[in-house]
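Asks: This is the structure, below, for whatever I ask next.
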Amino acid sequence: MSSNAYYLIFSVILIAAVLFTVIIGHSRANKEGNPEYDNKTKGNWSRLTLFYVFAIALGVLALIIYVVNRTSM
1 MSSNAYYLIF SVILIAAVLF TVIIGHSRAN KEGNPEYDNK TKGNWSRLTL FYVFAIALGV
61 LALIIYVVNR TSM
(Lines of atoms letter the chains of each structure in order from A and count residues from 1; the text may use other names and numbers.)
(Lines give C-alpha, C1' and ligand atoms only; values in the text may rest on other atoms or scores of the structure.)
Protein backbone atom coordinates (compact mmCIF):
# COMPACT_ATOMS: atom_id res chain seq x y z
CA MET A 1 0.00 0.00 0.00
CA SER A 2 1.37 3.43 -0.90
CA SER A 3 2.03 6.19 1.60
CA ASN A 4 -0.77 8.26 0.09
CA ALA A 5 -3.27 5.58 1.07
CA TYR A 6 -2.09 5.74 4.69
CA TYR A 7 -2.34 9.54 4.67
CA LEU A 8 -5.87 9.29 3.31
CA ILE A 9 -6.95 6.69 5.88
CA PHE A 10 -5.45 8.74 8.72
CA SER A 11 -7.15 11.92 7.51
CA VAL A 12 -10.56 10.27 7.11
CA ILE A 13 -10.42 8.77 10.61
CA LEU A 14 -9.34 12.10 12.11
CA ILE A 15 -12.08 14.09 10.37
CA ALA A 16 -14.73 11.48 11.25
CA ALA A 17 -13.69 11.54 14.92
CA VAL A 18 -14.00 15.32 15.10
CA LEU A 19 -17.38 15.34 13.32
CA PHE A 20 -18.88 12.56 15.44
CA THR A 21 -17.63 14.18 18.64
CA VAL A 22 -19.32 17.47 17.76
CA ILE A 23 -22.53 15.72 16.64
CA ILE A 24 -22.76 13.69 19.84
CA GLY A 25 -21.93 16.73 21.99
CA HIS A 26 -24.79 18.71 20.48
CA SER A 27 -27.33 15.87 20.34
CA ARG A 28 -30.62 16.12 22.18
CA ALA A 29 -30.12 12.75 23.87
CA ASN A 30 -26.82 13.92 25.31
CA LYS A 31 -28.34 17.13 26.68
CA GLU A 32 -31.31 15.28 28.20
CA GLY A 33 -29.13 12.53 29.62
CA ASN A 34 -26.67 14.98 31.15
CA PRO A 35 -28.35 18.39 31.66
CA GLU A 36 -25.29 19.86 33.42
CA TYR A 37 -23.16 19.32 30.31
CA ASP A 38 -23.99 22.82 29.04
CA ASN A 39 -23.19 24.37 32.42
CA LYS A 40 -19.65 22.96 32.42
CA THR A 41 -18.68 23.72 28.83
CA LYS A 42 -15.31 25.28 29.62
CA GLY A 43 -14.03 22.18 31.40
CA ASN A 44 -15.55 19.85 28.82
CA TRP A 45 -14.03 21.70 25.88
CA SER A 46 -10.67 21.99 27.63
CA ARG A 47 -10.48 18.24 28.27
CA LEU A 48 -11.69 17.44 24.77
CA THR A 49 -9.16 19.81 23.19
CA LEU A 50 -6.36 18.31 25.28
CA PHE A 51 -7.43 14.82 24.22
CA TYR A 52 -7.36 15.80 20.54
CA VAL A 53 -3.96 17.49 20.87
CA PHE A 54 -2.47 14.31 22.34
CA ALA A 55 -4.24 12.06 19.81
CA ILE A 56 -3.09 14.16 16.86
CA ALA A 57 0.46 14.39 18.21
CA LEU A 58 0.64 10.61 18.67
CA GLY A 59 -0.82 10.05 15.21
CA VAL A 60 1.67 12.40 13.57
CA LEU A 61 4.52 10.82 15.53
CA ALA A 62 3.45 7.35 14.40
CA LEU A 63 3.23 8.57 10.82
CA ILE A 64 6.72 10.13 10.99
CA ILE A 65 8.18 6.94 12.46
CA TYR A 66 6.52 4.93 9.70
CA VAL A 67 7.80 7.20 6.93
CA VAL A 68 11.35 7.31 8.35
CA ASN A 69 11.49 3.53 8.76
CA ARG A 70 10.05 2.96 5.31
CA THR A 71 12.55 5.25 3.58
CA SER A 72 15.52 3.77 5.42
CA MET A 73 14.79 0.26 4.15
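Going letter by letter, the sequence shown gives residues 1 to 73 in this note's numbering. A virtual CB, placed ideally from N, CA and C, is assigned to each residue, including glycine. All values derive from a computational prediction rather than experimental measurement.
1) Where does serine 11 fall in DSSP's three states?
2) Can you tell me whether serine 2 is helix, strand or coil according to DSSP?
3) How far does the alpha helix (DSSP H) with serine 46 in it extend, from its first residue to its last?
4) Valine 67 and serine 3: beta carbons closer than 8 Å?
5) Is the beta carbon of leucine 58 sitting closer than 8 Å to the one on phenylalanine 10?
Replies: Quick answer:
1) helix
2) Serine 2: coil per DSSP, three-state reduction.
3) 41-71
4) yes
5) no
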